[in-house]
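36 is the number of the first residue of the sequence shown in my numbering; add one for each residue after it. C-beta atoms are modelled at their ideal positions from N, C-alpha and C, and glycine is treated no differently. Here the structure is a predicted model, which means the values were calculated and not measured. For reference, the structure is listed below as structure tokens.
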Amino acid sequence: MKKIFIISALILAFIVSCEKDDYEAPYGDFSSLLWTTTQGFEESDYVSALNDYVGFRDVSKNALTHSWHIPSGTNLLNGDFDAEQDTIYTDFISSAGPLASSQNHINVIFRQPGVKEIELRNTFRDSVAESVFSDGVWKVNKVFTVTVFDDIKPMFKVMKGTDEILSISEADMPSEANAASWPSITLEAGEQLTYIDLTITGDPDARTWNFNGGSMDTSGGESVNLSYNGLGNYTAGSMTSKRTDNAKPDGEATKLIPLKIEVIPSTQPFVLNTDITESSIEVLSFKVTGEIATLSSEEGNFVVNVINTETGFNQNIPVQSATVNNDDATQIDLVLSEPIFNSDEITVTYTAGNIVSVDSRVLESFGPEMVEMLVEGVLNPETLGYEVPWNTEGNQFTKANTEGYLAVHNADNAAGPVYYFRDESMAFDGNSSMKFETPDTGIPNNARLRAFSFVDLNGVALGDGITEVTYMPTVWVFMEVGNTMTNIQYNLQGGPVLNFDLSTTPRGEWVRVELPLETTTGIDSGRIDLNIRNASQNDAQVQKMWIDKFDFLIIEPRL
36 MKKIFIISAL ILAFIVSCEK DDYEAPYGDF SSLLWTTTQG FEESDYVSAL NDYVGFRDVS
96 KNALTHSWHI PSGTNLLNGD FDAEQDTIYT DFISSAGPLA SSQNHINVIF RQPGVKEIEL
156 RNTFRDSVAE SVFSDGVWKV NKVFTVTVFD DIKPMFKVMK GTDEILSISE ADMPSEANAA
216 SWPSITLEAG EQLTYIDLTI TGDPDARTWN FNGGSMDTSG GESVNLSYNG LGNYTAGSMT
276 SKRTDNAKPD GEATKLIPLK IEVIPSTQPF VLNTDITESS IEVLSFKVTG EIATLSSEEG
336 NFVVNVINTE TGFNQNIPVQ SATVNNDDAT QIDLVLSEPI FNSDEITVTY TAGNIVSVDS
396 RVLESFGPEM VEMLVEGVLN PETLGYEVPW NTEGNQFTKA NTEGYLAVHN ADNAAGPVYY
456 FRDESMAFDG NSSMKFETPD TGIPNNARLR AFSFVDLNGV ALGDGITEVT YMPTVWVFME
516 VGNTMTNIQY NLQGGPVLNF DLSTTPRGEW VRVELPLETT TGIDSGRIDL NIRNASQNDA
576 QVQKMWIDKF DFLIIEPRL
């Protein structure tokens, strides 16, 4: 890591001038406390990786005495050290702390993790910032705090179901040289292992798993379920644990996963393994319980029935192609010979033929299975999903702990009532939701949350000549057990008033609440209000719920 001193032109001129024998301070009798470091000159709290260094320079004006003091667990770097060229600083270690140095410029390497304090002790004839008058002089004891991060030491375990099959501690250092002694496990094709990151030392905040032979090559998850579908022998891979937060020093460490894996043919049936879904390009996809080796001329073994109750359409649409997905050998993709619409009800039936897995199993018949149609919304998920945190400007409570909203009836302080407040502890989708909570007096005449803008429905084109849009208003809610509320209302400026009935909504789980389809030529963009009133829900009790992802789901009419 290159270290660069940040020094003003005046300070720099001072330092250069100091090297001349005939130097005279240009400051006269003026005294000042000044310093700079390789991490800046405005702060006194710094971070460092273990065995990295921070440079400190005292550029105070007219100091009478001067000394740097370093604690145990640190060392000075000697004069041969070159910040521009050298990257391995331990080669230049000299005196060990605790010690004092009268040098103006010191480079301190940190040899122990934890919080280390570097102290600058100066005296002045005149008062300066942070000085105290004592013994006839002005004394400064300036403390610089350096938080030293330990080396990252990866630690993880591997599970098969509830059985732990491998545990690697911080101290374990597996190498390929001793691979012959690594533990091994035999899996049937389609079985899973779970990889769990347990790393703590070094304060990492991210990791990358690199896998061999599994259903994915890499993952950043803290816990990863990995399926093994292809026959063969593999070594598990490796994990790299790292610090990525800008507030921390860079750092990473990689450790092999010392596990040998043999994948053998499965004794389980070869069957449908997931729901059948529609993609944005009208491809129907599903996964099976193993990798596919053979799929050829199977289109005729699929029956795809399409019903549209609105138009009376009820036909079997031929499958134009049935193929193995290029990125996932456990997935089959079906392309139909005619267009489909998300207002259709579609089922898929398969009669066993010649779809064969890599371990020679034949895919069994299934169906009819309902297809999960793709229904997309048009409103801004970041705004209507309450993903934007309060930016610290304005009042946190009247802004409901988010941006783009005004909680009209919230108090402006924590004493409340605070009816609406963005909450990261609960979310259906994304990182947060909007919590609604009343005092024990219940719901007021009205509690309003006002959003200042939303994406309109104008210009949502479903095909040539289509000028109207059909959509389904939806919102996700989580109602606390004991909540007796019966309704919430969304009021759109220039659009409809949407009353969602909650009287029969299950409590204690996320539920999508829907309204009947609406058809419109467009809704002007503008304000949207969430209103919760006490009409028909005036129980004197605490009412608590979470709200997420209000949206208009676009419904495609069959042409």
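Go through its chain and collect everything with a Cβ distance to residue i's Cβ below 6 Å, but skip five positions before and after it.
| i | result |
| --- | --- |
| LYS195 | LEU228 |
| PHE179 | SER79, ILE153 |
| ASN340 | ASN351, THR382 |
| LEU369 | LEU319, VAL354, ALA357 |
| ASP186 | LEU85, GLY237 |
| THR519 | ASP574 |
| PHE95 | It is worth fixing the name first, because residue 95 is Ser in this sequence and not Phe. LEU68, LEU69, ASN157, listed in sequence order. |
| ALA442 | THR433, ALA435, TYR455, LEU484 |
| PRO239 | ILE187, SER276, LYS277, ARG278 |
| THR554 | GLU503, THR505 |
Rounding to the nearest angstrom, what Cα-Cα distance links residue i and residue j in this structure?
| i | j | result |
| --- | --- | --- |
| ILE39 | ARG92 | With a pLDDT of 38 at ILE39, under the threshold of 50, the modelled position of this residue cannot be trusted; read the value that follows with caution. Using only the alpha carbons, I get a separation of about 12 Å. |
| ALA271 | ASN247 | 6 Å |
| LEU497 | LEU319 | Low confidence applies to LEU497: its pLDDT is 43, below 50, so where it sits in the model is not reliable, and the reading given next is rough at best. Roughly 20 Å separates the two Cα atoms. |
| MET408 | TYR88 | 58 Å |
| ASN534 | ASP458 | 24 Å |
| LEU294 | ARG485 | 55 Å |
| LEU175 | VAL167 | Leu is not the amino acid found at residue 175; the sequence shown has Val there. Each residue's Cα considered, the two are about 7 Å apart. |
| GLU205 | TYR124 | 24 Å |
| ARG396 | GLU334 | 19 Å |
| VAL259 | HIS444 | 44 Å |
| SER374 | GLU317 | Checking the sequence shown, residue 374 turns out to be Pro, not Ser. Near 8 Å, if we compare the C-alpha coordinates of GLU317 and PRO374. |
| ALA475 | PRO218 | In the sequence as displayed, the identity of residue 475 is Asp instead of Ala. Those two C-alpha atoms are separated by around 59 Å. |
| ALA364 | PRO300 | 16 Å |
| MET469 | THR509 | 15 Å |
| LEU550 | PHE585 | 12 Å |
| VAL323 | ASP126 | 57 Å |
Note down, in chain order, each residue of its chain lying with its Cβ closer than 8 Å to the Cβ of residue i, except the 5 sequence neighbours on either side.
| i | result |
| --- | --- |
| ASN573 | GLY477, ILE478 |
| GLU345 | SER378, PRO592, ARG593 |
| SER372 | ILE352, PRO353, VAL354, GLN355 |
Please state if the CB of residue j and the CB of residue i are separated by a distance shorter than 8 Å.
| i | j | result |
| --- | --- | --- |
| VAL298 | GLY265 | yes |
| SER102 | SER137 | yes |
| VAL516 | LEU537 | no |
| THR473 | GLN303 | no |
| PHE184 | ALA98 | no |
| LYS283 | VAL150 | no |
| LEU155 | SER130 | no |
| SER467 | TYR525 | no |
| ASP583 | ALA462 | yes |
| ILE567 | PHE471 | yes |
Going by CA-CA distance only, name the one from the options that's closest to residue i.
| i | options | result |
| --- | --- | --- |
| PHE348 | ASP536, PHE376, VAL516, LEU85 | PHE376 |
| ASP362 | ASP252, SER460, PRO403 | ASP252 |
| ASP225 | ILE144, VAL546, ASN308 | One detail in the question is off: residue 225 reads as Gly in this sequence, not Asp. Of the listed residues, the one whose Cα sits closest to GLY225 is ASN308. |
| TRP425 | ALA570, ILE342, TYR440 | TYR440 |
| GLU428 | PRO374, THR437, ARG542 | THR437 |
| SER332 | VAL391, MET274, PRO239, VAL323 | VAL391 |
| LEU222 | ILE296, THR312, ASP285, LEU233 | ILE296 |
| GLY75 | THR505, ARG568, THR539, VAL181 | VAL181 |
| GLY465 | VAL423, ASN569, ILE563 | VAL423 |
| MET405 | LEU527, VAL338, SER162 | VAL338 |
Hey, could you find the ends of the alpha helix (DSSP H) residue i is sitting in?
| i | result |
| --- | --- |
| LEU330 | Unbroken run through LEU330: none, as it is neither H nor E. |
| PRO416 | 416 to 419 |
Spatial neighbours of residue i within its chain, please: C-beta separation below 7 Å, excluding the five flanking residues on both sides.
| i | result |
| --- | --- |
| GLU199 | LYS192 |
| ASN336 | TYR385, THR386, GLY388 |
| GLY255 | ALA241, ARG242, THR243 |
| ASN448 | PHE432 |
| SER400 | TYR385, THR386, ALA387 |
| ILE128 | ASN110, LEU112, ILE144 |
Starting from residue i and walking both ways along the beta strand (DSSP E), at which residues does that stretch end?
| i | result |
| --- | --- |
| ALA131 | 128 to 131 |
| VAL167 | 167 to 169 |
| GLU380 | 380 to 385 |
| PHE145 | 140 to 145 |
| ASN481 | 481 to 486 |
| HIS104 | 98 to 105 |
| ASP458 | 455 to 458 |
| TYR124 | Premise fails: TYR124 is in no beta strand (DSSP E) and is neither H nor E. |
| LYS584 | 579 to 590 |
| GLU313 | 311 to 313 |
| PHE305 | Run containing PHE305: none; DSSP gives neither H nor E here. |
| ASP198 | 198 to 203 |
| ASN349 | 348 to 351 |
| LYS195 | 191 to 195 |
| SER356 | 354 to 359 |
| GLN524 | 522 to 527 |
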